[in-house]
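Number of protein chains: 2
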Amino acid sequence: MAFFNSRETLVDDMLSALLQTTRLEQLATSEGTSVLVRAGHSREDGQVAVISGGGSGHEPAHAGFIGSGMLTAAVPGALFSSPPVSAVLEAIRSVTGPAGCLLVIKNYTGDRLNFGLAAEQARQEGLDVETVLVADDVALPDIDQPRGLAGTVLVHKAAGHLAASGASLSEVAELARRTAESLSTLGLALRPARLPGDEGDPSRGSELGLGIHNEPGADSVEVTGAADAVATVLDGLRPDDVDAGSGLVVLLNDLGGCSPQEGLVLAHEVMRQIGPQRIVRFIGPVRAMTSLDMHGFSVTLAPADARLVEALDAATDAPGWTAAVEPMPPRRRSGDAERAWTSSEADSEAGSGAPMRASEDGRPEAATAQACRVLGEAQEHLDALDRATGDADAGTTFRAGAMSVSTLLEDGHLGFADPAAGMARIARTLETGMGGSSGVLLAILATASSRTLDDGAGWAEALEAGIEAVSHHGGAVEGDRTMLDALIPAQRVLAEGGTVQQVAEAAEEGARRTAQLQAKAGRAAHVPDAAARDTEDPGAVAVAMLFRAVSDSLGT
Amino acid sequence: MAFFNSRETLVDDMLSALLQTTRLEQLATSEGTSVLVRAGHSREDGQVAVISGGGSGHEPAHAGFIGSGMLTAAVPGALFSSPPVSAVLEAIRSVTGPAGCLLVIKNYTGDRLNFGLAAEQARQEGLDVETVLVADDVALPDIDQPRGLAGTVLVHKAAGHLAASGASLSEVAELARRTAESLSTLGLALRPARLPGDEGDPSRGSELGLGIHNEPGADSVEVTGAADAVATVLDGLRPDDVDAGSGLVVLLNDLGGCSPQEGLVLAHEVMRQIGPQRIVRFIGPVRAMTSLDMHGFSVTLAPADARLVEALDAATDAPGWTAAVEPMPPRRRSGDAERAWTSSEADSEAGSGAPMRASEDGRPEAATAQACRVLGEAQEHLDALDRATGDADAGTTFRAGAMSVSTLLEDGHLGFADPAAGMARIARTLETGMGGSSGVLLAILATASSRTLDDGAGWAEALEAGIEAVSHHGGAVEGDRTMLDALIPAQRVLAEGGTVQQVAEAAEEGARRTAQLQAKAGRAAHVPDAAARDTEDPGAVAVAMLFRAVSDSLGT
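Same order as they appear, the protein sequences are chains A and B. Heads up: the first sequence at position 370 corresponds to 373 in our numbering, and the numbers run straight through without jumps. Heads up: the second sequence at position 147 corresponds to 150 in our numbering, and the numbers run straight through without jumps.
So, in structure tokens, the structure goes:
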């Protein structure tokens with residue numbers, strides 16, 4: 004199963020998308036096949052036209068390489084089949100002016116013959132036509148007729164760039180031939196291509212040296228991963244032999260079935276194993292010459308000839324082309340030096356290693372200690388409440404947070420001489436010491452409260468800012484069966500000038516009401532109503548316990 | 004099996020490739036995770052910084068969208084996991100100057116909380132930070148917390164473009180929020196993602212409304228093809244409701260496992276079904292926000308707000324971005340009008356419908372008729388020779404060619420008053436009337452010979468040109484067990500002034516020698532030696548028969 008309509012309509016469906024989204028003109032030919040020409044191209048532009056083509060199923064090849072400084076026209080055939088001679092001839096006629104044209108032909112019998120006959124016919128009509136064959140496959144070293152593979156795209160770029168510079172047909176053809184002869188390509192696939200309506204041949208496994216029409220590979224291979232696959236391909240390509248001292252051009256081509264993540268891992272391996280310092284230009288991972296959804300890749304190597312590199316570096320608007328880059332050593336951005344531009348009191352005190360001054364009366368410290376004690380002891384109760392809707396770890400999480408804060412207190416590393424700094428210290432401790440979403444949410448609460456205290460506000464306003472931040476980042480509002488259902492009523496009473504006892508009572512009343520609420524945020528949102536019915540939300544209960552402990556400690 | 008090294012090294016392997024091939028700097032954070040920053044970025048550039056990030060496995064999101072006019076920094080987490088708060092904070096510190104920064108956050112609890120706490124911490128440090136949540140998923144219409152999907156990338160572009168123009172943080176945040184709220188995304192996949200080392204869950208089939216972390220889809224669906232899949236997705240997206248009269252922005256996102264061909268067919272269907280005239284900007288097929296190799300796609304719709312369109316159209320060097328285009332009606336290139344610039348005698352006479360003048364003595368016509376008779380009668384013999392190495396159709400093919408030429412002769416549509424024109428007519432007839440590689444090769448032979456005759460050369464030189472063309476385009480040389488093994492000796496004798504009898508004898512002797520030759524070109528090259536041993540090549544035999552018939556007809 005694949006996202007096709009039918010084998011019969013595949014090529015037309017693809018051409019429809021291309022014509023609507025890229026700058027192409029379609030030349031209808033006598034046999035109903037299509038020729039695609041760069042939009043607005045004039046035969047009188049004085050430039051050599053560069054034409055390529057072949058069976059479809061290799062997209063973006065070839066129509067995706069039509070563009071300035073690359074192909075002038077492309078002649079797509081049916082799926083994996085050469086285009087008819089007449090279509091090639093009409094392409095030549097349509098774009099060839101006095102400067103002549105070059106046909107870039109992949110070395111398959113059908114393409115050779117059909118493009119070859121069209122070239123002869125065009126010559127007979129007085130047109131100046133040269134052909135170049137690309138036969139970059141090194142899978143079968145002794146064969147007389149190596150296949151044309153992904154390296155073809157580099158010939159398009161070399162020829163197209165030189166043609167755009169106004170060079171003569173013989174100059175363009177000479178560079179194209181020299182480039183074609185310098186190429187070595189080898190492919191490896193875990194699975195062959197599946198044609199529309201065909202689920203493929205399950206008996207075929209990993210193969211080395213595949214063509215792009217599902218021809219069997221030269222060898223069956225065992226592949227254990229990306230490093231191994233790349234090593235196998237490079238072993239066949241012999242980069243040492245290709246690199247004549249001038250470094251390498253490397254093209255990593257996805258044969259159509261690799262995920263983007265695999266492409267990046269393969270690129271990493273290709274550069275690592277060849278050695279980035281030997282790679283003058285790297286292109287990839289790119290889908291340049293594919294074979295439908297073949298789950299594999301090919302690597303193309305060429306010596307880094309100066310004229311080839313110049314051509315690869317030139318800009319083109321061909322949509323299928325991916326820029327060639329010179330592999331760069333990873334660049335570090337210095338964190339420390341850059342970070343110096345701002346530092347606030349809160350920031351410098353946020354680390355948990357430094358001693359902090361306690362408040363004069365010691366009451367906030369005592370209240371904090373009492374809250375930590377209560378929450379530590381409530382572990383079992385909170386875990387049990389959490390069992391109704393979660394994974395029964397709310398108590399464990401709150402206990403961890405409480406322990407980390409009480410350790411700070413005991414070590415003299417938490418104090419409220421500056422309440423904003425104290426809250427900041429608690430926030431940083433909860434962020435790493437508590438865990439779970441609750442830990443991050445309480446850290447958000449404490450951080451926003453701290454900042455507001457720092458701005459000179461009182462506790463009611465600070466708590467309001469903290470609640471707003473929790474609601475904003477956590478995505479919950481009052482009534483969603485979260486800790487906010489205890490926090491918000493408590494803050495409201497505080498803001499109205501209520502006593503700490505009244506604040507604690509409001510939190511407790513809010514927590515009790517959560518037993519009748521349906522969860523809308525957090526993990527409990529995904530649990531059916533009935534499971535949580537008549538059970539209080541453990542986060543709200545924990546918050547209520549905290550306010551009650553503070554109230555008990557502070558007294559009136 | 005996939006081209007990975009291991010789940011543990013996946014993110015680092017990918018980052019290695021990215022850092023070597025794109026203009027990024029890496030900020031190492033205290034927890035060993037990475038922050039990626041646009042190379043050379045300065046906090047003092049007066050522009051709002053735009054930061055995004057989230058779990059890895061969605062490449063090119065998010066690091067691939069770092070670039071001019073797009074993201075300033077990205078914070079990748081582990082596979083499908085939010086980055087830690089500390090990494091987000093260090094990203095903010097590293098790129099945020101006086102202009103402030105915007106965090107673009109996909110709506111997942113982990114991302115909300117970790118980016119949210121980092122934002123609060125950065126504010127506490129005095130930095131100006133805004134956040135925007137992207138929740139574009141419409142798979143579950145009643146849920147309060149839709150997920151952030153591929154539409155996120157459009158928010159990156161909108162915010163990044165406005166930031167690059169020097170707009171203030173509140174302006175950038177406002178456009179980002181407006182864009183985020185205008186997005187609707189829905190995905191469909193044939194198969195969920197396979198994590199490294201995991202072959203996936205084979206019980207899961209096609210699903211509509213998937214997230215990008217392999218969460219189950221909202222519905223199981225039956226999909227019969229591309230048209231059906233797109234219709235199902237558009238049914239859920241309701242383009243009519245999204246389009247408020249200003250037209251649509253459409254993003255077609257490959258979730259990671261589509262072949263390039265499927266991408267094009269899906270693009271065709273999306274444009275066709277929405278109606279290209281309603282699409283103001285189309286982006287795709289593109290891998291923007293993937294989920295490893297998930298075999299599926301998502302479509303994102305937004306009203307074509309003028310400020311969004313302006314941002315989409317702006318240039319960026321972010322490597323993951325694909326240009327937005329306005330769907331264009333397919334453009335026709337006129338074949339007829341364009342073709343007029345050149346026409347030769349041979350061209351105008353090449354059509355097979357027009358009568359041709361016969362030679363004065365009628366001998367070439369008689370010889371041609373005799374050759375056609377002989378080859379027509381040799382069908383069984385040639386088919387039998389072909390059985391040794393091919394599919395036993397050589398005789399059938401030569402007979403078809405012979406019949407098409409003799410029909411021309413009988414209808415008065417072939418004559419040799421102008422021998423070049425006669426050969427051209429034969430060439431065009433064989434091209435379509437004979438079939439097989441032999442038909443194209445003989446057409447090449449006749450075309451090149453015709454052109455040479457047209458230049459004033461004699462038959463020996465014309466045949467030499469024809470042979471060269473056959474050898475060049477067919478890729479065979481003498482001794483490769485092809486028709487050339489009869490043609491070349493015959494031409495040699497002709498060039499040396501031999502009689503037609505001597506020419507025929509040379510061809511026959513050449514054909515006989517093919518019984519001892521190994522095939523190196525054509526389909527027979529793939530057949531073991533023994534099969535063809537002691538059997539003559541049918542093409543060479545047919546050529547010898549042709550020369551013998553001509554010799555018999557011409558006499559001395």
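Using N, Cα and C, we set each Cβ at its ideal position, and we do this for glycine too. Given the structure is predicted, the values throughout are model-derived calculations rather than measurements.
Does the beta-carbon of residue 294 (chain B) have 16 or more other beta-carbons within 10 angstroms, so that it is buried, or is it exposed?
For the purposes of this step, residue 294 (chain B) is taken as residue 291 along the second sequence, with counting starting at 1. Buried is the call here.
Thinking C-beta only, is residue 172 (chain A) closer than 9 Å to residue 2 (chain A)?
As shown, chain A starts at 4 and ends at 559. That puts residue 2 (chain A) outside it, with no answer to give.
Measure the alpha-carbon distance for residue 450 (chain B) versus residue 70 (chain A) and round it to whole angstroms.
Locating residue 450 (chain B) in the second sequence gives position 447, counting from the first residue. Locating residue 70 (chain A) in the first sequence gives position 67, counting from the first residue. When only Cα atoms are considered, residue 450 (chain B) and residue 70 (chain A) end up about 32 Å apart.
Per-residue DSSP class, three states only, for residue 84 (chain A):
Here residue 84 (chain A) refers to the residue found at position 81 of the first sequence. If DSSP states are grouped into helix, strand and coil, residue 84 (chain A) belongs with coil.
Is the CB of residue 447 (chain B) under 9 Å away from at least one CB in chain A?
Taking the second sequence and counting its residues from 1, one reaches residue 447 (chain B) at position 444. With 9 Å as the cut-off, residue 447 (chain B) counts as an interface residue toward chain A.
Please classify residue 139 (chain A) as buried or exposed, where buried requires at least 16 neighbouring CB atoms within 10 angstroms.
Taking the first sequence and counting its residues from 1, the one referred to as residue 139 (chain A) is at position 136. With a 10 Å radius around the Cβ and a threshold of 16 neighbouring Cβ atoms, residue 139 (chain A) comes out buried.
DSSP on residue 69 (chain B), reduced to helix/strand/coil?
Within the second sequence, numbered from 1, the residue matching residue 69 (chain B) stands at position 66. DSSP places residue 69 (chain B) in strand when its eight states are reduced to three.
With burial defined as no fewer than 16 other Cβ atoms inside 10 Å of the residue's Cβ, what is the status of residue 57 (chain A): buried or exposed?
Here residue 57 (chain A) is taken as the residue at index 54 of the first sequence, counted from 1. So residue 57 (chain A) counts as buried.
On the DSSP bridge list, what partners appear for residue 140 (chain B)?
Against the second sequence, residue 140 (chain B) aligns to sequence position 137. DSSP, once it has assigned bridges, lists B:188 as partnering residue 140 (chain B).
Step through the CB atoms of chain B and report whether any lies within less than 9 Å of the CB of residue 432 (chain A).
Within the first sequence, numbered from 1, the residue matching residue 432 (chain A) stands at position 429. Using a CB distance cut-off of 9 Å, residue 432 (chain A) does not count as an interface residue toward chain B.
Buried or exposed, going by whether 16 or more other CB atoms sit within 10 Å of the CB of residue 219 (chain A)?
To locate residue 219 (chain A), count along the first sequence from 1; it is residue 216. Classification for residue 219 (chain A): exposed.
Any C-beta of chain B sitting closer than 9 Å to the C-beta of residue 228 (chain A)?
By 1-based counting over the first sequence, the position of residue 228 (chain A) is 225. For residue 228 (chain A), the nearest beta carbon of chain B is closer than 9 Å to its own beta carbon.
Taking any Cβ of chain A, which residues in the region 94–111 of chain B have a Cβ under 7 Å from it, in chain order?
Per Cβ criterion, the list reads 96 and 97.
Would you say residue 341 (chain B) lies against chain A (beta-carbon separation less than 9 Å)?
Locating residue 341 (chain B) in the second sequence gives position 338, counting from the first residue. The predicted position of residue 341 (chain B) is uncertain, since its pLDDT is 45 and thus under 50; a value taken from the coordinates is nonetheless stated next. Yes, because at least one Cβ of chain A sits closer than 9 Å to the Cβ of residue 341 (chain B).
Against chain B, which members of the region 116–142 of chain A pass a CB distance test of less than 7 Å?
Correct list: 116, 117, 119, 120, 123, 124, 126, 127, 128, 129 and 130.
Determine the chain B residues that contact residue 416 (chain A) at a beta-carbon separation under 7 Å, and present them in chain order.
What you label residue 416 (chain A) is simply residue 413 of the first sequence in a count that begins at 1. Taking a Cβ-Cβ cut-off of 7 Å, residue 416 (chain A) has no neighbours in chain B, whose nearest Cβ is about 18 Å from it.
Close Cβ partners of residue 21 (chain A) (< 8 Å) along its chain, the five nearest in sequence each way excluded
If you number the first sequence from 1, residue 21 (chain A) lands on position 18. Counting only residues of its own chain and dropping the five nearest sequence neighbours on each side, residue 21 (chain A) has a CB closer than 8 Å to the CB of 27, 39, 66 and 67.
What does DSSP give as the partner residues of residue 108 (chain B) in its beta bridges?
Along the second sequence, read from residue 1 onward, the residue named residue 108 (chain B) stands at position 105. In DSSP, residue 108 (chain B) forms a bridge with B:136.
Separation of residue 472 (chain A) from residue 162 (chain B), as counted between CA atoms
Walking along the second sequence from the start, residue 162 (chain B) turns up at place 159. Walking along the first sequence from the start, residue 472 (chain A) turns up at place 469. The C-alpha of residue 162 (chain B) lies about 23 Å from the C-alpha of residue 472 (chain A).
In chain order, what residues of the same chain have a beta carbon less than 8 Å from the beta carbon of residue 296 (chain A), not counting five sequence neighbours either side?
Within the first sequence, numbered from 1, the residue matching residue 296 (chain A) stands at position 293. Same-chain partners within the cutoff: 5, 196, 197, 259 and 260.
Assign residue 257 (chain A) to one of three DSSP states: helix, strand, or coil.
On the first sequence, position 254 is the one that residue 257 (chain A) refers to. Assignment of residue 257 (chain A) by DSSP, reduced to helix, strand and coil, places it in the strand class.
On the premise that residue 54 (chain B) lies in contact with residue 94 (chain B), defined as a C-beta separation below 8 Å, what is that separation, rounded to the nearest angstrom?
The residue given as residue 94 (chain B) occupies position 91 in the second sequence. The residue given as residue 54 (chain B) occupies position 51 in the second sequence. That belief holds up - the Cβ atoms of residue 94 (chain B) and residue 54 (chain B) are roughly 5 Å apart, short of 8 Å.
Whole angstroms is fine: what's the gap from residue 266 (chain B)'s alpha carbon to residue 226 (chain A)'s?
What you label residue 266 (chain B) is simply residue 263 of the second sequence in a count that begins at 1. What you label residue 226 (chain A) is simply residue 223 of the first sequence in a count that begins at 1. Taking the straight line from one Cα to the other gives about 28 Å.
Are the Cβ atoms of residue 84 (chain B) and residue 113 (chain B) separated by less than 9 Å?
Locating residue 84 (chain B) in the second sequence gives position 81, where the first residue counts as 1. Locating residue 113 (chain B) in the second sequence gives position 110, where the first residue counts as 1. Cβ distance < 9 Å, so residue 84 (chain B) and residue 113 (chain B) count as in contact.
Considering residue 53 (chain A), what are the terminal residues of the beta strand (DSSP E) in which it resides?
Position 50 of the first sequence holds residue 53 (chain A). DSSP places residue 53 (chain A) inside the beta strand (DSSP E), whose first and last residues are 52–59.
Exposed or buried, which one is residue 248 (chain A) when buried takes at least 16 other CB atoms within 10 Å?
Locating residue 248 (chain A) in the first sequence gives position 245, where the first residue counts as 1. So residue 248 (chain A) counts as exposed.
Compute the beta-carbon to beta-carbon distance between residue 185 (chain A) and residue 306 (chain A), rounded to the nearest angstrom, for a pair I have assumed lies under 8 Å.
For the purposes of this step, residue 185 (chain A) is taken as the residue at position 182 of the first sequence. For the purposes of this step, residue 306 (chain A) is taken as the residue at position 303 of the first sequence. Between residue 185 (chain A) and residue 306 (chain A) the beta-carbon gap is near 6 Å, inside 8 Å, which marks them as a contact.
Starting from the C-beta of residue 110 (chain B), find all residues in its chain whose C-beta is less than 7 Å away, skip the five residues before and the five after it, and write them out in chain order.
Looking up residue 110 (chain B) in the second sequence gives position 107. If we look at residue 110 (chain B) and ignore the five residues flanking it on each side, its Cβ neighbours are 136, 137, 138, 148, 149, 150 and 151.
If residue 478 (chain A) sits next to residue 194 (chain B), beta carbons under 8 Å apart, how far is it from one beta carbon to the other, in whole angstroms?
Here the question's residue 478 (chain A) lines up with position 475 in the first sequence. Here the question's residue 194 (chain B) lines up with position 191 in the second sequence. Contact between residue 478 (chain A) and residue 194 (chain B) is ruled out by a C-beta separation of about 31 Å, above the 8 Å threshold.
Give the straight-line distance between the Cα atoms of residue 119 (chain A) and residue 156 (chain A), rounded to the nearest whole angstrom.
Locating residue 119 (chain A) in the first sequence gives position 116, counting from the first residue. Locating residue 156 (chain A) in the first sequence gives position 153, counting from the first residue. Straight across, the Cα-Cα distance linking residue 119 (chain A) with residue 156 (chain A) is about 20 Å.
Take residue 323 (chain B) and list the residues in its own chain whose beta-carbon comes closer than 6 Å to its own, dropping the five residues that flank it on each side.
Here residue 323 (chain B) is taken as the residue at index 320 of the second sequence, counted from 1. Taken in chain order, the residues that qualify are 63, 67 and 68.
Using a Cβ-Cβ cutoff of 7 Å, what residues of the region 244–258 of chain B are near chain A? List them in chain order.
Residues of the region 244–258 of chain B with a C-beta less than 7 Å from any C-beta of chain A: none at all.
Going by alpha carbons, who is nearest to residue 269 (chain B) out of A:13, A:551 and A:557?
The residue you call residue 269 (chain B) lines up with position 266 of the second sequence. Closest by C-alpha distance to residue 269 (chain B), out of A:13, A:551 and A:557, is A:13.
Could you tell me which whole beta strand (DSSP E) segments of length 3 or greater appear in the region 154–226 of chain A?
Runs of the beta strand (DSSP E) lying entirely within the region 154–226 of chain A and spanning at least 3 residues, in chain order: 187–194.
When you compare only the Cα positions, how much space is there between residue 321 (chain A) and residue 72 (chain B)?
Position 318 of the first sequence holds residue 321 (chain A). Position 69 of the second sequence holds residue 72 (chain B). Cα to Cα, the separation comes out at about 22 Å.
Any C-beta of chain B sitting closer than 9 Å to the C-beta of residue 86 (chain A)?
Against the first sequence, residue 86 (chain A) aligns to sequence position 83. Residue 86 (chain A) does not count as touching chain B.
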